[in-house]
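Novice:
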Amino acid sequence: TRQQLFSSLTKAYFMAGVELDGDLVRRPVLTANGTHAFHHPVDFVVANGQAVQLSQTWSFQLASQDLLSRDIKAWGWTMRELRDAGGVAQTRKRQIQVPSDVPIEVVIAQPRDATQSAAYEEAIGVFEELSIRVHEHGEEDAIAGTARALLEKAAH
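Residues 27 to 182 (this note's numbering) make up the sequence shown, in order.
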């Protein structure tokens, strides 16, 4: 499930030394600065003054492909606007500037059969168009390692 992916990515960040509520913010709402000011929740923002990485989890192993497709499209429109004009990630406690060129990483659980592949095909197109790096479940350590390196680079 998406919750399992979210949990696995949280653990990977923790193991990499990316601290929750410090460098790592879970589930903020991202508002893109483009003409339409789209907004959508994102799973994680890694920040050191400003965002250095966004990450999202998607499970395509769902019966309701229509709802999944709708969610991915809404998320994709927000990411497209972000790529055009940057944005802001907001929680109750923090506001984080997100540059338009921030790396975006995605962890996915691939569909198990053809009935689950419609939303997956659409999502792959969105990911490719927006230069979003896709990782399969089990590769969360790569995202967390990249986040740690980006934080260290931003500190210097």
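Beta carbons: idealized from backbone N, C-alpha and C, even for Gly.
Rank L80, W84, S34 by C-alpha distance to the C-alpha of N51 and give the top, closest one.
Specialist: Checking the sequence, you will find Val at residue 51 rather than Asn. For V51, the nearest C-alpha among the options comes from L80.
Novice: Spatial neighbours of L88 within its chain, please: CB distance less than 6 Å, with the 5 preceding and 5 following residues excluded, ordered by chain position.
Specialist: Once the five neighbours on either side are set aside, the close Cβ partners of L88 are L94.
Novice: D139 to F86, Cα distance in whole Å?
Specialist: If you take the alpha carbons of D139 and F86, they lie about 10 Å apart.
Novice: Cutting at 7 Å between CB atoms, please list the residues of its own chain near A63, excluding the five before and the five after it.
Specialist: Cβ within range, chain order: T57.
Novice: Please report the distance separating the alpha-carbon of D127 from that of Q30.
Specialist: Those two C-alpha atoms are separated by around 28 Å.
Novice: Between G76 and T172, what straight-line distance do the alpha-carbon atoms span, to the nearest angstrom?
Specialist: It should be pointed out that residue 76 corresponds to Gln in this sequence rather than to Gly. Looking at the two C-alpha atoms, the distance is approximately 16 Å.
Novice: Check whether chain C comes within 8 Å of L31, counting only Cβ atoms and requiring the distance to be less than that.
Specialist: Absent from the structure is chain C; it holds one protein chain and no more.
Novice: Can you give me the C-alpha to C-alpha distance between T117 and G60, rounded to a whole angstrom?
Specialist: Those two C-alpha atoms are separated by around 20 Å.
Novice: Skipping 5 residues on each side, what residues in its chain have a beta carbon closer than 7 Å to that of A111?
Specialist: These residues qualify, in order along the chain: A58, N59, G60, S126.
Novice: Helix, strand or coil, according to DSSP, for F70 in the structure here?
Specialist: In the structure shown, F70 sits in a strand (DSSP, three-state: E or B).
Novice: Under the three-state reduction of DSSP, which class applies to G164: helix, strand or coil?
Specialist: In the structure shown, G164 sits in coil (DSSP, three-state: anything other than H, G, I, E or B).
Novice: Can you give me the Cβ contacts of I158 inside the same chain, cut-off strictly under 6 Å, excluding the 5 residues immediately before and after it?
Specialist: I130, V132, listed in sequence order.
Novice: Per DSSP, S85 is paired with what?
Specialist: Per DSSP, A135.
Novice: Can you tell me which of K119, A168, Q142, M105 puts its alpha carbon nearest to the alpha carbon of D47?
Specialist: When each option's Cα is compared against that of D47, the closest is K119.
Novice: I'd like to check one pair, V72 with D49: are the Cβ atoms closer than 8 Å?
Specialist: Result yes, Cβ atoms of D49 and V72 sit closer than 8 Å.
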